[in-house]
Each structure stands twice: as structure tokens, then as C-alpha cells.
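Under my numbering, residues 354 to 627 are what the sequence shown spells out, in order.
Note that CB positions come from ideal geometry on N, CA and C, so glycine has one too.
Being a predicted model, the structure only gives us computed values, none of them experimental.
Right, one structure below, let's go through it.
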Amino acid sequence: MRILSFLPKSYVSWFIGHLARLPLPRPLARLTISLFAQAYGIDPRLATRPLESFRSIGDFFTRDLRPELRPIGDGPVSPVDGSLRCCESLSDSGVVTQVKGRTIAISDLLADESLAHRCSSGQLWNFYLSPQDAHHIHAPVDGKIIKTIHVPGKLWPVNDWALNSVDNLFAVNERLISVIESPQGIVAVVMVGATNVGRIKLAYADVITNRRPWQKKKVSQIGHPEPIAVRRGEKLGTFMMGSSVLLVSEQPLAALAPGSLPRKVCYGVPLSCV
354 MRILSFLPKS YVSWFIGHLA RLPLPRPLAR LTISLFAQAY GIDPRLATRP
404 LESFRSIGDF FTRDLRPELR PIGDGPVSPV DGSLRCCESL SDSGVVTQVK
454 GRTIAISDLL ADESLAHRCS SGQLWNFYLS PQDAHHIHAP VDGKIIKTIH
504 VPGKLWPVND WALNSVDNLF AVNERLISVI ESPQGIVAVV MVGATNVGRI
554 KLAYADVITN RRPWQKKKVS QIGHPEPIAV RRGEKLGTFM MGSSVLLVSE
604 QPLAALAPGS LPRKVCYGVP LSCV
């Protein structure tokens with residue numbers, strides 16, 4: 354923990370990201386990606402492209418899955434392939450649980466007091482993406498993107514160790530927030546950066562984080578004079594590696610099905626079935 358505190362995580366993540374995207378000679382790329390897929394239990398046949406077409410680990414990391422494998426269900430759906438860590442009702446206190454003994458304020462997470470106020474009676478869903486998961490983030494609802502918020506920050510890991518060690522982890526790390534106005538009210542899709550995941554790319558706007566970690570940044574709101582229509586299951590963005598996605602909603606999106614957490618989920622599956 355102490356060593357990681359002094360590590361320049363933004364620079365390290367930027368450097369590792371460049372290495373991961375470095376094109377390799379085809380025989381070496383195929384061997385490297387095959388070993389990576391075996392190590393994490395990834396079936397390359399699920400991708401839209403054959404394994405030999407990928408030229409780097411980064412290229413394979415951001416692979417698209419064959420669409421017939423992820424039919425989009427009715428109602429609010431999971432935005433990612435990953436593990437659902439928690440689903441929590443929000444309250445007027447504006448505080449939710451990060452892990453036992455550690456809490457986080459929704460206003461800090463969203464960096465927008467009015468948005469946090471609108472979501473004070475909704476829900477928070479927390480999904481974690483591991484190296485074996487596809488790394489695209491999808492719209493959980495039909496609606497219109499009315500604004501995007503970029504919140505610069507740290508790049509702590511978002512694994513279980515970090516959750517138990519770093520106060521306000523999701524409000525400390527860098528994040529991109531897509532705010533969707535939907536039939537279910539406001540839904541904020543919070544894409545959280547992490548160590549080695551310093552690069553998040555939006556699909557609907559020319560925004561990529563951590564391109565120049567040496568530049569000072571401040572919280573910025575990207576307005577959309579013409580709201581951007583999206584359908585549930587439509588791609589919103591991509592992690593260059595793995596991280597976490599949080600949904601913060603104005604109204605409850607679904608009741609969590611009985612069962613233990615964390616649990617594996619696939620994008621497009623109705624939240625009511627998760």
C-alpha cells in the first residue's frame with residue numbers, strides 16, 4: 354500500500370498502455386495472445402475476428418464479441434460483461450457502502466450536486482471487469498445522452514484489496530460519466546479508471562482519457578446541444594484494460610434476484626434477471 358502510494362500510477366498506466374498496444378510481428382502476436390487467452394480462460398472464438406488478426410494484447414483486450422452471443426433483453430440491462438459486486442438503494446443521506454466500514458458520497462462520485470440530488474432515491478449498481486472480460490461499456494437503457502462529465506483523478510486499482518484499503522476509491526479515481534435521460538429517469542453510467550486502465554475511450558464523442566498524464570486537468574462537463582440518442586446495449590465506451598462501472602439511477606432499475614455476490618453477468622441481460 355505504501356509503495357503504491359508513491360508510485361506515479363498515471364504515468365505507469367500510460368506507459369503500460371502504450372506497450373499493450375504496440376503491434377507485434379504476426380507469429381509473436383499470435384503466440385502472446387494465445388498464452389494470454391489461456392492464462393485468463395478466454396475463448397478467442399467468441400470474438401468477431403479470428404485470433405490471428407489481432408496484432409497486440411491491447412487490440413485483443415478491446416475485442417468485440419459476436420452479437421448473437423449477447424442478445425439484448427427487455428427493460429434495463431447489464432452494461433458490461435463482468436462481476437456484479439453490489440446493488441444498493443440510495444437514500445437522502447447521499448452515502449452508500451464501498452465495502453463494510455467504508456462509504457462513499459454520491460455527490461463526490463458524480464462530481465455534480467444537482468445530479469446527485471436527482472438520484473437520491475434511486476439505486477447504485479457496481480460491476481467489476483476482470484482481464485477475462487470484454488471491455489466495452491454499453492447503454493443499460495434506451496434514452497438520450499444529455500451530458501458527459503470528465504473527472505480527473507488517481508488511478509488506484511479497483512480490486513478487492515483497493516476497496517478495503519483506499520477511502521472513497523471510486524470518487525478518488527479518474528472517471529467518465531455518461532448521463533442518460535431515459536423512461537426510467539436519469540441513469541448515470543460511471544466508467545472508473547484504474548491502474549493500467551488509464552485510458553477510457555468514448556464511442557459517441559471524441560474523448561480519450563490519460564492521453565497526456567503530465568497535463569493538469571480539472572472537472573469538465575461536455576454538453577451535447579443535440580442530445581445523443583442511444584439504445585440499450587449500444588456501445589458507450591471502452592476500457593483499454595479492465596476496471597469498474599457503476600450505474601447511479603434516479604429511480605430503482607430492478608430488484609436484485611436472490612443469490613450471493615459477487616456474481617458473473619453478461620451485458621444485455623435484464624437487470625431483473627441478474
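By alpha-carbon positions, which one of Pro420, Val543, Thr450 ends up nearest to Leu468?
Minimum Cα distance to Leu468 is reached at Val543.
What is the rounded straight-line gap between the Cα of Ser613 and the Cα of His503?
Roughly 33 angstroms separates the two Cα atoms.
Less than 7 angstroms between the C-beta atoms of Ser597 and Val511, yes or no?
Yes. Within cutoff.
Is the beta carbon of Gly590 closer than 7 angstroms to that of Val425?
For the record, residue 425 in the displayed sequence is Ile; it is not Val. No, Cβ-Cβ distance for Ile425 and Gly590 is not below 7 angstroms.
With a threshold of 16 other CB atoms inside 10 Å of the CB of Leu609, please say whether the residue is buried or exposed.
Under this definition Leu609 is a buried residue.
Please state whether DSSP places Pro615 in a helix, a strand or coil.
If DSSP states are grouped into helix, strand and coil, Pro615 belongs with coil.
Work out the CA separation of Pro505 and Pro380 for me, nearest whole Å.
Those two C-alpha atoms are separated by around 38 angstroms.
Does DSSP put Ala608 in a helix, in a strand, or in coil?
Of the three classes helix, strand and coil, the one that applies to Ala608 here is coil, per DSSP.
Helix, strand or coil: which one does DSSP assign to Thr385?
It is helical.
Taking DSSP as the reference, what is the three-state secondary structure of Gly447?
Coil at Gly447, not helix or strand.
Name the DSSP bridge partner or partners of Cys439?
BP columns for Cys439 point to Asn479.
Give me the DSSP bridge partner(s) of Pro623.
DSSP output for Pro623 lists Val430 as bridge partner(s).
Alpha carbon to alpha carbon, what distance is there between Pro378 and Ser625?
In a straight line, the C-alpha of Ser625 is about 45 angstroms away from that of Pro378.
By DSSP, does Arg455 sit in helix, in strand, or in coil?
Looking at Arg455 - three-state DSSP - the assignment turns out to be strand.
CA-CA distance, His491 and Val560?
Going by the C-alpha atoms only, they are around 16 angstroms apart.
Return the residue from the list Ser409, Glu421, Gly428, Ser531 that minimises the CA-CA distance to Ala607.
The option with the nearest alpha carbon to Ala607 is Gly428.
Determine, using beta carbons only, whether Val545 and Ser431 come nearer to each other than 7 angstroms.
Contact: no.
Express the C-alpha separation of Arg552 and Ala392 in angstroms, rounding to a whole number.
Distance between the alpha carbons of Ala392 and Arg552 is about 23 angstroms.
Within the same chain, show all residues whose beta-carbon is closer than 6 angstroms to that of Trp478, passing over the 5 residues directly before and after it, in chain order.
Cβ neighbours of Trp478 beyond the five flanking positions: Cys440, Leu600.
Is it a yes or a no for the region 571-586 touching the region 386-400, going by three-plus beta-carbon pairs under 8 angstroms?
Segments in contact, no.
Have a look at Asn517, Lys570, Phe592, Asn563 and flag the residue whose alpha-carbon is nearest the alpha-carbon of Ala556.
For the residues Asn517, Lys570, Phe592, Asn563, the minimum Cα distance to Ala556 belongs to Phe592.
Is the CB-CB distance between Gly576 and Glu534 below 7 angstroms?
Contact flag unset, no.
For the putative contact between Asp417 and Ala400, defined by C-beta atoms under 8 angstroms, what is the C-beta separation to the nearest angstrom?
Going by Cβ atoms, the distance from Asp417 to Ala400 rounds to 7 angstroms, so yes, they are a contact pair.
Grab the span of the beta strand (DSSP E) containing Leu589 for me, first residue to last.
Unbroken beta strand (DSSP E) run through Leu589: 588-592.
Distance, Cα to Cα, Glu579 vs Gly538?
Looking at the two C-alpha atoms, the distance is approximately 18 angstroms.
The alpha helix (DSSP H) that contains Ile539, what's its start and end?
No alpha helix (DSSP H) holds Ile539; the beta strand (DSSP E) holding it covers 538-545.
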